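Inspection log for the structure reproduced underneath, given as structure tokens.
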Amino acid sequence: MEPDTVGLPGPRGEEVIRVTDTHTDGDRVTWTFTTDLGAVHTARCAVRDQLGVWQLDTVSDLAALLVSELVTNALRHATGPVGVCLTRPSVRSGVLLVEVSDPLPDPPRERAARPDDEGGRGLQLLAVSACRWGHRAGPRGKTVCFELAVPR
């Protein structure tokens, strides 16, 4: 699945990705993680725990996997804290919005991983697993987000 795009050129000639409106009412939780390697495990556990509280165990493993991929990417390429946000929009039941932010403004780039490569598959995994995904630049870096379908 390709990111949800509007097909307009960005300021540097890149394609603009349309991201689900995150300024909506609903349940929301956010975390900020340091750049140590334990952040991936901590983020994965935090996501699983919160989805258990929200009784969304059916998407817990997938959400935790995708968050760990994006947090790993952020730790590899950015310097500074990594933010994770889960939102259950009240106006769009049946959707879980997940956002991972880092201070690097560069958009994520898919790469073709060779069979023996240990990395390079995170965005491909995201693309085939999420209902929609995209990214946006912000004043302090970028946010990569994705949506998962959840029971109503």
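Numbered per numbering that gives the first Met the number 0, the sequence shown spans residues 0 to 151.
Using N, Cα and C, we set each Cβ at its ideal position, and we do this for glycine too.
Only a predicted model underlies this, so the values are computations on that prediction, with no experimental measurement involved.
Residue i to residue j span [Cα, whole Å]
| i | j | result |
| --- | --- | --- |
| G82 | L74 | 11 Å |
| R27 | T33 | 20 Å |
| T31 | D115 | 33 Å |
| D48 | D105 | 30 Å |
| L7 | T78 | The predicted model places L7 with a pLDDT of 34, which falls under 50 and marks its position as unreliable; any figure quoted below should be read in that light. Straight-line Cα distance between these residues: approximately 29 Å. |
| S92 | R135 | 23 Å |
| R151 | Q54 | 11 Å |
| V46 | P138 | 25 Å |
| V149 | T86 | 12 Å |
| S89 | G118 | 36 Å |
Beta-carbon gap between residue i and residue j smaller than 9 Å
| i | j | result |
| --- | --- | --- |
| L61 | V143 | no |
| E146 | A126 | no |
| D101 | G133 | no |
| V97 | L124 | no |
| T71 | G121 | yes |
| V58 | L103 | no |
Bridge partners - residue i, DSSP secondary structure assignment
| i | result |
| --- | --- |
| D101 | K141 |
Contact belief for residue i with residue j at Cβ below 8 Å, rounded distance in angstroms
| i | j | result |
| --- | --- | --- |
| T41 | C84 | In fact, because the Cβ distance is near 15 Å, the residues do not count as touching under 8 Å. |
Could you give the uninterrupted runs of the alpha helix (DSSP H) lying entirely in the segment 22–84, keeping only those of 4 residues or more? 37–52 and 59–76
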